[in-house]
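Okay, so here's the structure we're looking at.
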Amino acid sequence: MLWLIMAALSAVFAGLTSVLAKCGIRKTDSDVATALRTSVVLLFSCLMVLIVGSASSISAIEPRSLVFLILSGTATGASWICYFKALSLGNVNKVVPIDKSGTVLTVLLAILLFGETAHLAVKLIGTALLAVGIYLMIEKKDEGEKETKALWLPYAIGSAVFAALTSILAKIGITGVESNLGTAIRTCVVLLMAWIIVAAKGKLPALRSLDRKEFGFIVLSGICTGASWLCYYYAIQNGDVSVVVPIDKLSILISILFSYLIFKEKLSRKALAGLTLMVIGTLAMAILS
13 MLWLIMAALS AVFAGLTSVL AKCGIRKTDS DVATALRTSV VLLFSCLMVL
63 IVGSASSISA IEPRSLVFLI LSGTATGASW ICYFKALSLG NVNKVVPIDK
113 SGTVLTVLLA ILLFGETAHL AVKLIGTALL AVGIYLMIEK KDEGEKETKA
163 LWLPYAIGSA VFAALTSILA KIGITGVESN LGTAIRTCVV LLMAWIIVAA
213 KGKLPALRSL DRKEFGFIVL SGICTGASWL CYYYAIQNGD VSVVVPIDKL
263 SILISILFSY LIFKEKLSRK ALAGLTLMVI GTLAMAILS
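See below:
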């Protein structure tokens, strides 16, 4: 099914996003980087809307769908702000697993709200494996990390909660709306939030001193994010949220692989066992559902 392929592509691009974003916020403020990335995503989304010719249908969007798309965009903005702040403070290998924990909440909400009860036993078992895997991955490696953990952990948890809300709200809002157009509308909301935060915190002057190399990584990260979103929202529009979201979260494999190659961030045996459980649980839901 095409929506399964799109969900897999979403995971690939999302995995690249995390690593490229990490490369772009070593010196650059995370709020400024988020605003710049969102600008790139909006340009990418608008280009796709023009290509598929769905701009003319914006007037036909029902008020209810528009409201939920805006709410989804707001949740996305909050998730991004938390996520990239966490990335700027902690290791990719620690932040990403917690961010992916929103998958468990998303699957359960999709079952309750949308009645996605087909192959329910498989979904529940897969979700349980995900939860255990995430727990093993976020367990601290040594005692010396307590102070650092206290800084990035709340942001990572916030990212997970808002990400779960994003998927559920988007599923409701994107019903009857062309997926590329829906993505563009949501991105407008995220962009507005991002730049308001940058301005409110007095960080606009930081744009003058951007590192060119990091700016390049931020742009690439934005392009990957845009591609991931387009694939993702096509998938949740045409498939089951309870299946699409876990597949999308397999992006953790790509994130961890590149974090090892680029940042030399290694996994402990316990974390590796957790990652294996997450993959098994996700594949079980994707293949058997």
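Counting from 1 along the sequence shown, just add 12 to a position and that's the residue number in the numbering used here. Note that CB positions come from ideal geometry on N, CA and C, so glycine has one too.
- At least 9 Å separates the beta-carbon of VAL108 from that of THR237.
- Taken through DSSP and simplified to helix, strand or coil, ILE63 comes out as helix.
- For the pair THR115 and PHE56, the Cα-to-Cα distance works out to about 26 Å.
- Closest in alpha carbon position to CYS35, among ILE230, LEU295, CYS200, LEU16, is ILE230.
- Taking C-beta atoms as the reference points, ALA172 and LEU117 count as a pair closer than 9 Å.
- With contacts defined as CB atoms closer than 9 Å, ARG198 and LEU59 fail to qualify as a contacting pair.
- VAL64 sits exposed, since fewer than 16 C-beta atoms from the chains shown fall within 10 Å of its C-beta.
- DSSP places ARG220 within a helical segment (H, G or I) once states are collapsed to three.
- Residue range 114-126 is occupied by the alpha helix (DSSP H) that includes THR115.
- For SER84, the enclosing alpha helix (DSSP H) stretches over residues 75-101.
- By alpha-carbon distance to THR88, the top candidate from ARG76, ILE123, THR50, ALA72 is THR50.
- Contiguous alpha helix (DSSP H) elements confined to the region 232-269 occur at 253-260, taking only those with 4 or more residues.
- Between ALA47 and SER221, the alpha-carbon positions lie close to 15 Å from each other.
- Counting other Cβ atoms within 10 Å of its Cβ, MET13 stays below 16 and is therefore classed as exposed.
- Between THR294 and TRP241, the CB-CB gap reaches or exceeds 9 Å.
- Taking a contact to require three or more Cβ pairs closer than 8 Å, the region 14-33 and the region 71-85 do not qualify as touching.
- The region 201-214 makes no contact with the region 119-135: fewer than 3 CB pairs, one atom from each, lie closer than 8 Å.
- Contact check for ASN192 against SER22 fails: the beta carbons are separated by 9 Å or more.
- For SER42, the secondary structure class from DSSP, reduced to helix, strand or coil, is helix.
- CA-to-CA, the gap between ALA176 and LEU101 works out to about 22 Å.
- Per DSSP, LYS276 lies in no alpha helix (DSSP H) segment and is marked neither H nor E.
- Around the beta carbon of THR187, a 10 Å sphere encloses fewer than 16 other beta carbons of the protein chains shown; the residue is thus reported as exposed.
- Rounded to the nearest whole angstrom, the C-alpha separation of VAL202 and ILE110 is 22 Å.
- Looking at LEU284, VAL253, VAL255, SER254, the one whose alpha-carbon comes closest to that of ILE264 is LEU284.
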